[in-house]
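K.L.:
So that we are looking at the same thing, I have put the structure below in structure tokens.
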Amino acid sequence: MARGSRVIMKCDKCGGVAVIGMPQHRLNLCETHFVAWMREIVARTIHRHRMFAPDARLLVAVSGGKDSLTLWEILNHLGYETEGLYIHLGIDSDGYSDQSQRKAEGFAAANGLRLTVVNVAEVYGCGIPEITWTGRGQRVCGACGLVKRHIMNQAAYEGRFDAIATGHNMDDEAAVLLQNLLHWQQGYLRRQDAVLPASHPRLARKVKPLCRTYERESAAYALVRGIDFVEAECPYAVDASTIRYKLLLNQLERESPGTKYQFYQGFLAAKAEGLFSEAPEGDSADWSTCSECGQPTLGGDLCSFCRLWRRVRHEDA
Ligand code: SF4
Ligand code: ZN
Numbered sequence: 024m025a026r027g028s029r030v031i032m033k034c035d036k037c038g039g040v041a042v043i044g045m046p047q048h049r050l051n052l053c054e055t056h057f058v059a060w061m062r063e064i065v066a067r068t069i070h071r072h073r074m075f076a077p078d079a080r081l082l083v084a085v086s087g088g089k090d091s092l093t094l095w096e097i098l099n100h101l102g103y104e105t106e107g108l109y110i111h112l113g114i115d116s117d118g119y120s121d122q123s124q125r126k127a128e129g130f131a132a133a134n135g136l137r138l139t140v141v142n143v144a145e146v147y148g149c150g151i152p153e154i155t156w157t158g159r160g161q162r163v164c165g166a167c168g169l170v171k172r173h174i175m176n177q178a179a180y181e182g183r184f185d186a187i188a189t190g191h192n193m194d195d196e197a198a199v200l201l202q203n204l205l206h207w208q209q210g211y212l213r214r215q216d217a218v219l220p221a222s223h224p225r226l227a228r229k230v231k232p233l234c235r236t237y238e239r240e241s242a243a244y245a246l247v248r249g250i251d252f253v254e255a256e257c258p259y260a261v262d263a264s265t266i267r268y269k270l271l272l273n274q275l276e277r278e279s280p281g282t283k284y285q286f287y288q289g290f291l292a293a294k295a296e297g298l299f300s301e302a303p304e305g306d307s308a309d310w311s312t313c314s315e316c317g318q319p320t321l322g323g324d325l326c327s328f329c330r331l332w333r334r335v336r337h338e339d340a
């Protein structure tokens, strides 16, 4: 081959110019076939994991990023009845939360979809960074996760949705799996799955229809489909422990394509055969109702969300 000449990848389906190569599947695809492939994989994932019925009403948790908007676009294309939920976290480094909200709203408007916005600071008094006294790293993410879960459950319950769909991709799931295995977090390993069933009528079923595709595939899909997403990561993501595991897995993936895929798919297959099978969660008699918000709780009079806000207000006083 002449020096300086470029190798043009060809689509394995039609011979046209490929826009993406997926070495883990030994597959190169052009725009048209890649879009069809992504939709097919998501449809198969929903079916294989019995995520929800064709007539289900889905609440899609959107962050304004590539994964959640790609997911929303695909679910909408597949004909599901969807609504979006954007939670404004009050993270304003470089206007991150405002910018993300604009992207989520722009997508909803462009596609004629309904989006609900919950602004944490407006509803509860302060944004996520102000909740923790250190205002840094994993502590912020811990509080953020708790607040998001509570708001999503509340919105799904009030709106009578059948499930909450989140944009977790295989990179996210494999990184969490590696973290859980390295620390032998048996409880987390038992719970980690493509579907988290509703453990109480007021707690929504959660599904991850992108869990069989890589992060770079959601990004490619968003670009090919012209989805305008927020490119910046949450500034606290650099402190998130899973970032380290993502980097490690990506290194392994470069050396041996398909490592991430086999790791996570192998886990799901082993779970399906009974590995880490769910331990009894405690029967419904263990649940009590939070005296403040009415959501179920497994301990005490207040749920952890209301305890968190009580502590924040107490500290502010
Ligand atoms: Fe929340 Fe942490 Fe994710 Fe940022 S990185 S959105 S603070 S969980
Ligand atoms: Zn509560």
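One gets this note's numbering by counting positions in the sequence shown from 1 and adding 23 to each.
Each residue gets a CB set at the ideal place from its N, CA and C atoms; glycine is no exception.
What span of residues does the beta strand (DSSP E) with I43 cover, start to end?
P.N.:
Note, I43: beta strand (DSSP E), I43 to M45.
K.L.:
Round the Cβ separation of M74 and V230 to the nearest angstrom and send it over; I've been treating them as touching at under 8 Å.
P.N.:
Sure, about 4 Å apart at Cβ, within 8 Å.
K.L.:
Can you list, in chain order, every residue whose CB sits closer than 6 Å to a heavy atom of ligand 2?
P.N.:
Answer in sequence order: C313, E315, C316, Q318, L325, C326, F328 and C329.
K.L.:
At a threshold of 7 Å, does E34 count as lining ligand 1 (C-beta to nearest heavy atom)?
P.N.:
Before going further, note that residue 34 is Cys rather than Glu in the sequence given. No, the beta carbon of C34 sits no closer than 7 Å to any heavy atom of ligand 1.
K.L.:
Give me the Cα-Cα distance between L321 and H223, rounded to the nearest whole angstrom.
P.N.:
C-alpha separation (whole angstroms): 11 Å.
K.L.:
Spatial neighbours of C37 within its chain, please: C-beta separation below 7 Å, excluding the five flanking residues on both sides.
P.N.:
Cβ within range, chain order: C53 and H56.
K.L.:
Check whether the Cβ of I31 lies closer than 7 Å to any heavy atom of ligand 1, and answer yes or no.
P.N.:
Outside the cutoff, so no.
K.L.:
Run the CB neighbour count on W60, radius 10 Å, all protein chains shown included, and call it buried at 16 or more, exposed below.
P.N.:
By the 10 Å Cβ count, W60 comes out buried.
K.L.:
Quick check on DSSP: helix, strand or coil for L321?
P.N.:
Coil at L321, not helix or strand.
K.L.:
According to DSSP, is S314 part of a helix, a strand, or is it coil?
P.N.:
Residue state, collapsed to three classes: coil.
K.L.:
Taking just the CA atoms, how far does V42 sit from I250?
P.N.:
The straight-line gap from Cα to Cα measures roughly 16 Å.
K.L.:
Measuring straight from C-alpha to C-alpha, what distance separates H111 and T68?
P.N.:
If you take the alpha carbons of H111 and T68, they lie about 29 Å apart.
K.L.:
Tell whether a beta-carbon distance below 8 Å holds between L92 and A188.
P.N.:
It is not a contact, given that the beta carbons lie outside the stated cut-off.
K.L.:
Are R235 and I64 close, meaning C-beta to C-beta below 8 Å?
P.N.:
Yes, Cβ-Cβ distance for R235 and I64 is below 8 Å.
K.L.:
Is DSSP giving I69 helix, strand or coil here?
P.N.:
I69: helix per DSSP, three-state reduction.
K.L.:
How would you write the range of the alpha helix (DSSP H) that T155 sits in, first residue to last?
P.N.:
Premise fails: T155 is in no alpha helix (DSSP H) and is neither H nor E.
K.L.:
Flag this pair as touching only if the region 279 to 295 and the region 146 to 154 have three or more C-beta atom pairs under 8 Å; answer yes or no.
P.N.:
Segments in contact, no.
K.L.:
Do the CB positions of A79 and D185 come within less than 8 Å of each other?
P.N.:
Taking 8 Å as the Cβ cut-off, A79 and D185 qualify as a contacting pair.
K.L.:
Since Y103 and A198 are thought to touch, with beta carbons under 8 Å apart, how far apart are those beta carbons, to the nearest angstrom?
P.N.:
Actually they do not touch by this definition, with Cβ atoms about 27 Å apart.
K.L.:
When the cut-off is 8 Å and only beta carbons count, does A293 lie next to chain D?
P.N.:
Among the chains in the structure shown there is no chain D, since it carries only a single protein chain.
K.L.:
Can you tell me whether DSSP reads E106 as helix, strand or coil?
P.N.:
Strand, per DSSP.
K.L.:
Compare the beta carbon distance of R225 and Q318 with 8 Å and say whether it is the shorter of the two.
P.N.:
For R225 and Q318, yes; Cβs fall inside 8 Å.
K.L.:
DSSP three-state label for N142, please.
P.N.:
If DSSP states are grouped into helix, strand and coil, N142 belongs with the strands.
K.L.:
Where W332 and S314 are concerned, what is the direct C-alpha to C-alpha distance, given to the nearest angstrom?
P.N.:
Taking the straight line from one Cα to the other gives about 14 Å.
K.L.:
Based on Cα-Cα distance, which residue from A263, G88 and C257 lies nearest to R239?
P.N.:
When each option's Cα is compared against that of R239, the closest is G88.
K.L.:
If you draw a straight line from the C-alpha of L212 to the C-alpha of P46, how long is it?
P.N.:
Their backbone Cα atoms lie some 28 Å apart in a straight line.
K.L.:
What is the DSSP secondary structure of N192, reduced to helix, strand or coil?
P.N.:
Three-state result, N192: coil.
K.L.:
Report yes if the C-beta of Y268 is less than 7 Å from at least one heavy atom of ligand 1; otherwise report no.
P.N.:
Not under cutoff, so the answer is no.
K.L.:
What's the C-alpha gap between G323 and A293?
P.N.:
Whole-angstrom Cα-Cα distance: 36 Å.
K.L.:
Does at least one heavy atom of ligand 1 sit under 7 Å from the Cβ of I43?
P.N.:
I43 Cβ: outside cutoff for every heavy atom of ligand 1.
K.L.:
Report the three-state DSSP secondary structure of L112 (helix, strand or coil).
P.N.:
Coil at L112, not helix or strand.
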